[in-house]
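If you read the sequence shown in my numbering, its first letter stands for residue 59, the second for the next number, and so on.
Glycine included, C-beta positions come from ideal geometry on N, C-alpha and C.
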Amino acid sequence: MPTDSWYAIRNLESSRLLRWSNPRFELSETDTCVLLMKTTAKIFALVVLLNLVRYFVGGPIEAATIMEPMHSVMPEYPEVFDNDFSSTDFMISLAYNFALWFFATLACHLMMPSLPGPIWVRSLTGFALMAAFFCSLAAVYMNHYTDVFRPFYAWSMIDALIVFSLVGLANGLLYPLLFREEAKCLRTLAET
59 MPTDSWYAIR NLESSRLLRW SNPRFELSET DTCVLLMKTT AKIFALVVLL NLVRYFVGGP
119 IEAATIMEPM HSVMPEYPEV FDNDFSSTDF MISLAYNFAL WFFATLACHL MMPSLPGPIW
179 VRSLTGFALM AAFFCSLAAV YMNHYTDVFR PFYAWSMIDA LIVFSLVGLA NGLLYPLLFR
239 EEAKCLRTLA ET
(Lines of atoms letter the chains of each structure in order from A and count residues from 1; the text may use other names and numbers.)
(Lines give C-alpha, C1' and ligand atoms only; values in the text may rest on other atoms or scores of the structure.)
Protein backbone atom coordinates (compact mmCIF):
# COMPACT_ATOMS: atom_id res chain seq x y z
CA MET A 1 0.00 0.00 0.00
CA PRO A 2 1.53 3.35 -1.01
CA THR A 3 2.29 5.77 1.79
CA ASP A 4 1.82 9.53 1.92
CA SER A 5 5.52 9.99 1.18
CA TRP A 6 5.12 7.80 -1.91
CA TYR A 7 2.33 10.07 -3.17
CA ALA A 8 4.46 13.12 -2.41
CA ILE A 9 7.32 11.71 -4.49
CA ARG A 10 4.96 10.83 -7.36
CA ASN A 11 3.51 14.35 -7.26
CA LEU A 12 7.03 15.76 -7.23
CA GLU A 13 7.96 13.64 -10.27
CA SER A 14 4.81 14.82 -12.05
CA SER A 15 5.68 18.41 -11.17
CA ARG A 16 9.15 17.93 -12.61
CA LEU A 17 7.77 16.62 -15.89
CA LEU A 18 5.36 19.53 -16.01
CA ARG A 19 8.30 21.88 -15.41
CA TRP A 20 10.23 20.27 -18.29
CA SER A 21 7.32 20.88 -20.62
CA ASN A 22 6.44 24.29 -19.13
CA PRO A 23 9.42 26.40 -17.95
CA ARG A 24 7.06 28.84 -16.16
CA PHE A 25 5.89 26.10 -13.79
CA GLU A 26 7.11 26.85 -10.24
CA LEU A 27 7.99 24.34 -7.52
CA SER A 28 8.03 25.18 -3.84
CA GLU A 29 11.44 25.70 -2.23
CA THR A 30 11.18 22.39 -0.36
CA ASP A 31 10.13 20.45 -3.45
CA THR A 32 12.97 22.03 -5.43
CA CYS A 33 15.49 21.05 -2.75
CA VAL A 34 14.23 17.45 -2.63
CA LEU A 35 14.21 17.22 -6.41
CA LEU A 36 17.72 18.65 -6.66
CA MET A 37 19.06 16.19 -4.05
CA LYS A 38 17.35 13.26 -5.76
CA THR A 39 18.63 14.27 -9.20
CA THR A 40 22.16 14.83 -7.89
CA ALA A 41 22.18 11.37 -6.28
CA LYS A 42 21.01 9.79 -9.53
CA ILE A 43 23.67 11.64 -11.52
CA PHE A 44 26.36 10.51 -9.06
CA ALA A 45 25.16 6.90 -9.40
CA LEU A 46 25.12 7.22 -13.19
CA VAL A 47 28.66 8.66 -13.19
CA VAL A 48 29.94 5.75 -11.07
CA LEU A 49 28.42 3.29 -13.57
CA LEU A 50 29.82 5.26 -16.52
CA ASN A 51 33.29 5.26 -14.92
CA LEU A 52 33.09 1.47 -14.61
CA VAL A 53 32.20 1.24 -18.30
CA ARG A 54 34.97 3.70 -19.16
CA TYR A 55 37.66 1.67 -17.35
CA PHE A 56 36.49 -1.93 -17.80
CA VAL A 57 35.25 -1.65 -21.40
CA GLY A 58 37.12 1.42 -22.64
CA GLY A 59 40.44 0.40 -21.06
CA PRO A 60 40.89 -2.77 -23.15
CA ILE A 61 39.76 -0.93 -26.30
CA GLU A 62 42.36 1.79 -25.63
CA ALA A 63 45.05 -0.79 -24.88
CA ALA A 64 44.39 -2.58 -28.18
CA THR A 65 44.23 0.56 -30.31
CA ILE A 66 45.93 3.75 -29.18
CA MET A 67 47.95 3.28 -25.98
CA GLU A 68 51.21 2.27 -27.60
CA PRO A 69 51.45 5.13 -30.11
CA MET A 70 50.05 7.63 -27.62
CA HIS A 71 52.52 6.75 -24.88
CA SER A 72 55.56 6.08 -27.10
CA VAL A 73 56.97 9.55 -26.45
CA MET A 74 56.66 9.33 -22.65
CA PRO A 75 59.78 7.27 -21.75
CA GLU A 76 61.99 9.53 -23.89
CA TYR A 77 61.05 12.64 -21.88
CA PRO A 78 60.82 11.74 -18.17
CA GLU A 79 61.24 15.41 -17.25
CA VAL A 80 57.89 16.15 -18.92
CA PHE A 81 55.89 12.95 -18.35
CA ASP A 82 55.48 11.21 -14.99
CA ASN A 83 56.50 7.60 -15.60
CA ASP A 84 56.52 6.74 -11.88
CA PHE A 85 52.76 6.73 -11.34
CA SER A 86 52.30 6.37 -7.58
CA SER A 87 49.10 5.31 -5.83
CA THR A 88 48.54 8.98 -4.92
CA ASP A 89 48.86 9.94 -8.60
CA PHE A 90 46.40 7.17 -9.46
CA MET A 91 43.85 8.45 -6.92
CA ILE A 92 44.24 12.01 -8.22
CA SER A 93 43.75 10.73 -11.78
CA LEU A 94 40.57 8.90 -10.70
CA ALA A 95 39.28 12.10 -9.08
CA TYR A 96 40.01 14.13 -12.22
CA ASN A 97 38.33 11.51 -14.38
CA PHE A 98 35.31 11.39 -12.09
CA ALA A 99 35.02 15.19 -12.33
CA LEU A 100 35.34 15.03 -16.13
CA TRP A 101 32.58 12.43 -16.47
CA PHE A 102 30.42 14.10 -13.82
CA PHE A 103 30.34 17.41 -15.68
CA ALA A 104 29.96 15.73 -19.08
CA THR A 105 27.02 13.72 -17.70
CA LEU A 106 25.49 16.76 -16.03
CA ALA A 107 25.77 18.79 -19.24
CA CYS A 108 24.20 15.94 -21.21
CA HIS A 109 21.39 15.64 -18.64
CA LEU A 110 20.67 19.36 -18.95
CA MET A 111 20.79 19.20 -22.78
CA MET A 112 18.54 16.14 -23.11
CA PRO A 113 15.20 18.00 -23.47
CA SER A 114 16.65 20.24 -26.20
CA LEU A 115 18.24 17.53 -28.36
CA PRO A 116 16.38 15.65 -31.10
CA GLY A 117 15.87 11.92 -31.46
CA PRO A 118 15.64 8.93 -29.18
CA ILE A 119 17.47 8.93 -25.85
CA TRP A 120 20.59 7.10 -27.09
CA VAL A 121 20.95 9.59 -29.97
CA ARG A 122 20.48 12.51 -27.57
CA SER A 123 23.12 11.00 -25.30
CA LEU A 124 25.62 10.46 -28.12
CA THR A 125 24.99 14.03 -29.32
CA GLY A 126 25.55 15.46 -25.84
CA PHE A 127 28.74 13.47 -25.32
CA ALA A 128 29.94 14.36 -28.85
CA LEU A 129 29.72 18.02 -27.84
CA MET A 130 31.75 17.26 -24.71
CA ALA A 131 34.30 15.33 -26.84
CA ALA A 132 34.58 18.33 -29.18
CA PHE A 133 35.31 20.55 -26.17
CA PHE A 134 37.91 18.08 -24.85
CA CYS A 135 39.56 17.80 -28.29
CA SER A 136 39.68 21.57 -28.69
CA LEU A 137 41.52 21.82 -25.36
CA ALA A 138 43.97 19.12 -26.47
CA ALA A 139 44.51 21.03 -29.73
CA VAL A 140 45.30 24.21 -27.81
CA TYR A 141 47.86 22.35 -25.68
CA MET A 142 49.25 20.57 -28.75
CA ASN A 143 49.94 23.95 -30.32
CA HIS A 144 52.13 24.97 -27.35
CA TYR A 145 54.55 22.04 -27.62
CA THR A 146 57.23 21.01 -30.11
CA ASP A 147 56.67 18.48 -32.88
CA VAL A 148 57.93 15.68 -30.63
CA PHE A 149 54.95 16.02 -28.24
CA ARG A 150 52.22 16.76 -30.79
CA PRO A 151 51.50 13.10 -31.57
CA PHE A 152 50.68 12.55 -27.89
CA TYR A 153 47.94 15.19 -28.09
CA ALA A 154 46.73 13.99 -31.49
CA TRP A 155 46.37 10.45 -30.09
CA SER A 156 44.72 11.94 -27.02
CA MET A 157 42.05 13.43 -29.29
CA ILE A 158 41.48 10.04 -30.98
CA ASP A 159 41.26 8.52 -27.50
CA ALA A 160 38.61 11.09 -26.58
CA LEU A 161 36.55 10.20 -29.66
CA ILE A 162 36.67 6.50 -28.73
CA VAL A 163 35.97 6.92 -25.02
CA PHE A 164 33.35 9.69 -25.25
CA SER A 165 31.46 7.63 -27.87
CA LEU A 166 31.56 4.56 -25.64
CA VAL A 167 30.49 6.44 -22.51
CA GLY A 168 27.83 8.35 -24.49
CA LEU A 169 26.34 5.08 -25.71
CA ALA A 170 26.49 3.61 -22.18
CA ASN A 171 24.78 6.75 -20.87
CA GLY A 172 22.05 6.36 -23.48
CA LEU A 173 21.41 2.82 -22.25
CA LEU A 174 21.69 3.53 -18.50
CA TYR A 175 19.95 6.93 -18.40
CA PRO A 176 16.41 5.52 -18.81
CA LEU A 177 17.03 3.10 -15.92
CA LEU A 178 17.90 5.86 -13.44
CA PHE A 179 15.76 8.68 -14.84
CA ARG A 180 12.56 6.81 -15.69
CA GLU A 181 10.18 9.76 -15.58
CA GLU A 182 12.50 12.00 -17.60
CA ALA A 183 12.99 9.17 -20.12
CA LYS A 184 9.21 8.85 -20.55
CA CYS A 185 8.97 12.58 -21.13
CA LEU A 186 11.86 12.47 -23.62
CA ARG A 187 10.23 9.59 -25.52
CA THR A 188 7.03 11.62 -25.70
CA LEU A 189 8.95 14.64 -27.01
CA ALA A 190 10.68 12.43 -29.63
CA GLU A 191 7.33 11.10 -30.87
CA THR A 192 5.82 14.54 -31.39
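Tell me the rounded alpha-carbon separation between residue i and residue j.
i, j, result
"Gly117", "Val198", "25 Å"
"Lys100", "Ile119", "27 Å"
"Asp147", "Val138", "15 Å"
"Thr90", "Thr98", "12 Å"
"Tyr233", "Glu134", "42 Å"
"Leu152", "Val131", "23 Å"
"Asn141", "Phe207", "15 Å"
"Met188", "Pro136", "30 Å"
"Arg238", "Ile177", "11 Å"
"Thr183", "Cys243", "18 Å"
"His202", "Ala212", "13 Å"
Given 7 Å as the limit, tell me if residue i has its C-beta closer than that to any heavy atom belonging to the ligand ADP.
i, result
"Thr88", "Only the bare structure without any ligand can be found here, which leaves the ligand ADP out of the picture."
Could you pull the start and end residues of the alpha helix (DSSP H) that residue i belongs to?
i, result
"His167", "145-169"
"Thr183", "177-201"
"Met215", "208-236"
"Thr204", "Premise fails: Thr204 is in no alpha helix (DSSP H) and is neither H nor E."
"Pro133", "From DSSP, Pro133 is part of no alpha helix (DSSP H); its letter is neither H nor E."
"Arg124", "With the sequence shown as reference, residue 124 is identified as Ile, and Arg is not the correct amino acid for it. Here Ile124 belongs to no alpha helix (DSSP H), and DSSP marks it neither H nor E."
With distance defined between alpha-carbon atoms, name the residue in the options nearest to residue i.
i, options, result
"Glu126", "Pro209, Asn201, Leu110", "Pro209"
"Ala218", "Thr123, Met169, Glu239", "Thr123"
"Phe222", "Arg112, Glu87, Lys96, Leu104", "Arg112"
"Phe161", "Gly175, Val106, His129", "Val106"
"Ala190", "His129, Ser214, Phe143, His202", "Ser214"
"Ala165", "Phe185, Ala121, Met95", "Phe185"
Given residue i, which residues of its chain have a CB within under 6 Å of its CB, disregarding the five upstream and five downstream residues?
i, result
"Ser145", "none"
"Ile216", "Ile124"
Cutting at 8 Å between CB atoms, please list the residues of its own chain near residue i, excluding the five before and the five after it.
i, result
"Leu108", "Trp159, Thr163, Val225, Ala228, Asn229, Leu232"
"Met149", "none"
Quick one: residues in its chain with C-beta nearer than 7 Å to the C-beta of residue i, no 5 flanking neighbours on either side, listed in chain order?
i, result
"Met59", "Its pLDDT being 39, under 50, Met59 is placed unreliably by the model, and the measurement read from it follows with that caveat. For Met59, where only same-chain residues beyond five positions count, there are no Cβ hits under 7 Å."
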